[in-house]
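Q:
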Amino acid sequence: MLKNNLIKKFQLLPINKRRYLISLMKTSIALLISIPLMVFEMLFMFKSNLILGLDGYFIYGWIVFALSIFIVFGLGFSFFKGAFFEVFKWKKPGMSLLVVISTCVAFIYSTYSLISNTIIYEPKLHGFFETACMIIATMSVGQLVSDRIKLKANQDLQSLNDLQVKKYNSYDLNTKQVSEKVVFQAEINEYALVKKGEIVPLDGVLYSQIAEVDESSLTGEARPILKTINNDIIAGSINVGDNFIFKITKLYNDSTIKKIINGVNQIASSKPKIQVVADKISLWFTPFILLMAILAFLLQAFVPSIQELPIAFLNLHGSNNDSNLYEKAAYVAVSVLVISCPCAFGIAVPLAVLIGAGHGAKSGITFNNSNIFEKIKKVNAIAFDKTGTLTYGKLQLKQVIGNDQFLDLIYQMESISLHPLAKSFVTYAIINNISMSTKLIDIKEVAGVGIIAKDIDGNVYELTSEHYANENQFDFSLINQKSSTSTNLLASNIIFSINKKVQSILVFEDEIRADAYETIKVLHENNIETYMITGDNTKVAQKIANELGIKHFYAQLKPEEKAKIIKKIQNDQKIVMYVGDGINDLLALKQANVSISIGETNKATNAVADISLIKPDILNIYKVIKLTKTTKMFIVSSLLWAFGYNLIFIPLALIGIIPPFISVLIMTTSDIAVVLNSLIFRLLKMRLVNKKQIHKLNLKIINEAMLHK
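Heads up: the sequence shown is residues 278 to 986, going by the working numbering.
1. Would DSSP call Tyr669 helix, strand or coil?
2. Could you name the residues of the same chain whose beta carbon sits closer than 6 Å to that of Thr908, not counting the 5 residues immediately before and after it, in chain order?
3. Just to check my reading of the structure: Ile888 and Ala865 have Cβ atoms closer than 8 Å, yes? What is that Cβ distance to the nearest angstrom?
4. How many Å lie between Phe354 and Ala343 at the Cα?
5. Taking Met854 as part of the beta strand (DSSP E), name the residues at either end of that continuous run.
6. Using CA coordinates, which residue listed in Ile678, Cys381, Tyr389 and Gln847 is at the minimum distance from Ile756?
7. Starting from Tyr738, trace the alpha helix (DSSP H) in both directions and tell me its first and last residue.
8. Buried or exposed for Pro400, going by 16 or more other Cβ atoms inside 10 Å?
9. Determine which residues share a DSSP beta bridge with Leu674 and list them.
10. Would you identify the three-state DSSP class for Met910, choosing helix, strand or coil?
11. Can you check DSSP and say which residues form a bridge with Ala658?
12. Are the Cβ atoms of Leu503 and Glu489 separated by less than 8 Å?
13. Do Ala768 and Glu748 have their CB atoms nearer than 8 Å?
14. Does the pairing of the stretch 782–800 with the stretch 665–684 give three or more beta-carbon distances under 8 Å?
15. Check whether the stretch 682–695 and the stretch 658–673 touch, using three or more Cβ-Cβ pairs below 8 Å as the test.
16. Round the Cβ separation of Cys381 and Leu314 to the nearest angstrom and send it over; I've been treating them as touching at under 8 Å.
17. Between the stretch 522–534 and the stretch 729–747, can you find at least three pairs of beta-carbon atoms closer than 8 Å?
18. Just to confirm before moving on: does the CB-CB distance between Ile810 and Leu825 stay below 8 Å?
19. Less than 6 Å between C-beta atoms, sequence neighbours within five positions excluded: which residues of the same chain meet that for Ile875?
20. Is Ser417 near Thr533, with beta carbons less than 8 Å apart?
21. According to DSSP, is Lys294 helix, strand or coil?
22. Name the DSSP beta bridge partners of Ile522, please?
23. Can you tell me whether DSSP reads Asn446 as helix, strand or coil?
24. Given this structure, state the Cα-to-Cα distance separating Lys548 from Tyr745, to the nearest angstrom.
25. Run the CB neighbour count on Asp276, radius 10 Å, all protein chains shown included, and call it buried at 16 or more, exposed below.
26. Grouping DSSP H, G and I as helix and E and B as strand, with all else coil, what is Glu464?
27. If you draw a straight line from the C-alpha of Phe661 to the C-alpha of Val376, how long is it?
28. Once DSSP output is grouped into helix, strand and coil, what is the label at Gln689?
29. Among all the DSSP beta bridges, which residues are the ones paired with Ala488?
30. Grab me the residues of Ile551's own chain with a C-beta within less than 8 Å of its C-beta, minus the 5 sequence neighbours each way, in chain order.
31. How would you write the range of the beta strand (DSSP E) that Glu722 sits in, first residue to last?
32. Give the straight-line distance between the Cα atoms of Arg295 and Asn770, rounded to the nearest whole angstrom.
33. Classify Asp894 as helix, strand or coil using the three-state DSSP reduction.
34. What does the Cβ neighbour count give for Asp509, buried or exposed, with the cut at 16 atoms within 10 Å?
35. Using CA atoms only, rank isn't needed, just tell me which of Gly330, Leu309, Glu318 and Ala360 is closest to Phe347.
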């Protein structure tokens, strides 16, 4: 019963999750079998028949033969599949082909040796099934790391589908009736009703007199937008005001959200994938090793001066002196293949990536793409989104001008609204333990006005915008500082009045991130050009750019226009990194050479970004550059070791000085060397930002905290 339940739960998992779990299981089994076999191989290397006796030796040999079939052809089937595609489909021999050739030759030769030894009942020829198994196990570890990265990316990409509304409320103007329909059934010029809090399903124009929508996920504009009749309504925006009706002007496949998703897929498919260094070199390395193995066979079989070299050396293992030349030639050829097997290549990159990711995790940096370590070294320009990236992206209550004794009443009024400023105030009230009043009655939200309420005596309480209060000649006489348009372009003012007499002005501000100043400064010091690309208005963008020292900025851009700006910068011979946090940044993230998303809440941006900054710490962008360069350095050093040892030991194996069992030791030593190099990286205490920079940043953050107490 338990078994059936586990099988059912496994079958309900997404296919990518199942593939990863299967890969994890296969790798674990391969390691659990291969490591003990390799240990026994070390023990049997010189006096195998004295440990178990002759009978035990042959029984053990056939057990290892059976286990090798299971590991090489069962657990290692994915490598055979990969080799088939490399040869017959992609026409590019790579690591999979070399793994398959090495393991197959080792297995075939070992099988021949086992059968020959069994027939004459003497351990005359030495096989190396254990080596074939260890090759599969070691390479599976690298494949597992890659599968893990792909799994995370695929899981996050599923969130894109959640952004699309599946159904909508069709509205009949004549009968005033509402019917629920699937978005695929929508028609041009059809009317739809969007209720408070709902997502706009399709693009269109407003039919109602007024509406208030949150377009921050699409345009980057932090404040809700007031729409009037015939204004454009964008699919994916959220209704934060009263119910409204709009006329559909674009069908599902032409909607804004759908265009963003299609654009992501299009850019992803047109951008060539950068292969890891080991795979690039393997294009020539694989055929080179095959030629060396053939050469080794020919030298041992036909060159007398070479034939004598391995004989004395192989006496350490057993009696190979009576073997014919072709057996010895095959023996030496296999040594070349085994010693050149790319196990070190298979683990060098994944290990360095994992350890680099571990260093990054301590600072809230997550790597979604292992190729990033190759790309980031060329970056010489960084473009930032504004809202939520250079600024916090949240309007927070910073000041109460006038009477602050009405906060409990304001709390009661704001609690019914979905407006971002209302939500911000409610959060402020909860944090500051403000009690909610129960004095007010008949509280309602009126589009274009604000929130209106009454008390039992008939007094009218209003929460309105500053613009509305000025337009309707509210009395500001009770306020010492008469309200006017704020000089702070990042601020929004809410007016609280009783019977049109203004009692309080609530000042909400979106602040520049404390670490943004130091980040831009450090980037400029490292000769990296900075840009700001935002959907917000030009005045706000210019103010932010000037304050941070960013010379190049672009404002009032749609998502697809952001991507075009990135391409324009790239055309100026720039390698561009883009940093963003919203759905409106998806196309720009995919167009950039390197992409970084900020914050953990937006899975859509995390899905397409090369790097995700889980902690909203913009200084981590500079840390990313230093960390990836250090990781790349360790990747290169590991790969240089892997190739270096091949260049030294392949010639020795070629002339027969190094037999297969010594090749196993050397191959294992090579793997250990790569692991030790990675361990040094892991133990390295990386100071990603110097102490002076950290001290200056901490002072800035402390000062800000003191100012807002």
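Each residue gets a CB set at the ideal place from its N, CA and C atoms; glycine is no exception.
A: Reading it off the structure:
1. coil
2. Ala629, Gly633 and Phe650
3. Contact doesn't hold; Cβ gap of about 15 Å is too wide.
4. 16 Å
5. Val853 to Gly857
6. Ile678
7. Counting along the chain, Tyr738 falls outside any alpha helix (DSSP H), though it belongs to the beta strand (DSSP E) covering Val737 to Ser742.
8. buried
9. Phe785
10. helix
11. Glu806 and Val853
12. yes
13. no
14. yes
15. no
16. 18 Å between Cβ atoms; not a contact.
17. no
18. no
19. Thr666, Asp858, Leu890 and Pro893
20. no
21. helix
22. Leu470
23. strand
24. Because the pLDDT at Lys548 is just 38, under 50, the model does not fix this residue reliably, and the point stays unresolved.
25. The requested residue 276 does not occur in the structure, where the chain is confined to residues 278 to 986.
26. coil
27. 44 Å
28. helix
29. Lys504
30. Residue placement at Ile551 cannot be trusted, given a pLDDT of 33 that sits under 50; what the coordinates show is reported in the next sentence. Within the same chain, Ile551 has close Cβ partners Asn648, Glu651 and Lys652.
31. Ile718 to Val723
32. 52 Å
33. coil
34. exposed
35. Leu309
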